[in-house]
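A short write-up of the structure that comes next.
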Amino acid sequence: MDLIGKIYPANSKQHFFIIVATDYLTKWVEARPVKSITSQEIITFIEEEIIQRTSKREATGMTPYALTYGHDAILPMEIAVQSLRIDHQHSLIEEDYSQAMFFAGQR
Numbered sequence: 003m004d005l006i007g008k009i010y011p012a013n014s015k016q017h018f019f020i021i022v023a024t025d026y027l028t029k030w031v032e033a034r035p036v037k038s039i040t041s042q043e044i045i046t047f048i049e050e051e052i053i054q055r056t057s058k059r060e061a062t063g064m065t066p067y068a069l070t071y072g073h074d075a076i077l078p079m080e081i082a083v084q085s086l087r088i089d090h091q092h093s094l095i096e097e098d099y100s101q102a103m104f105f106a107g108q109r
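My numbering numbers the first residue of the sequence shown as 3 and each following residue consecutively.
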């Protein structure tokens, strides 16, 4: 995450700073102009532009990843460390595995 500023001249809404978050792996960028840099501005940016974009939505109860791919994302760390979820996944037969990967509403 980066902070850019103080920018002269300010934009029409008198924003002098820009908060930028970049995921270099996926080339995903989020930016927001702000009038001043405060801890509350940073917290709000993280909550609205990062956390809420990757957490479950109230309306659907699913993450954007789950809506796209039909199942929850598995972290690379879970595969390397062999989490209980991955251990259980390897012990399932193919039919049970397929059912477990899809949500009840999508069967």
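Every residue gets a Cβ at the ideal spot worked out from N, C-alpha and C, and that includes glycine.
query                                                                                                                                             : result
Start and end of the alpha helix (DSSP H) containing I45?                                                                                         : 41-47
In whole angstroms, what is the alpha-carbon distance linking G7 and T46?                                                                         : 18 angstroms
Since Q16 and K37 are thought to touch, with beta carbons under 8 angstroms apart, how far apart are those beta carbons, to the nearest angstrom? : 6 angstroms
Could you check where the alpha helix (DSSP H) with T62 kicks off and where it finishes?                                                          : Note, T62: premise wrong, no alpha helix (DSSP H); not H, not E.
In angstroms with no decimal places, state the Cα-to-Cα distance between S41 and G72.                                                             : 37 angstroms
Do V22 and M3 count as a contact pair if the criterion is CB distance below 8 angstroms?                                                          : yes
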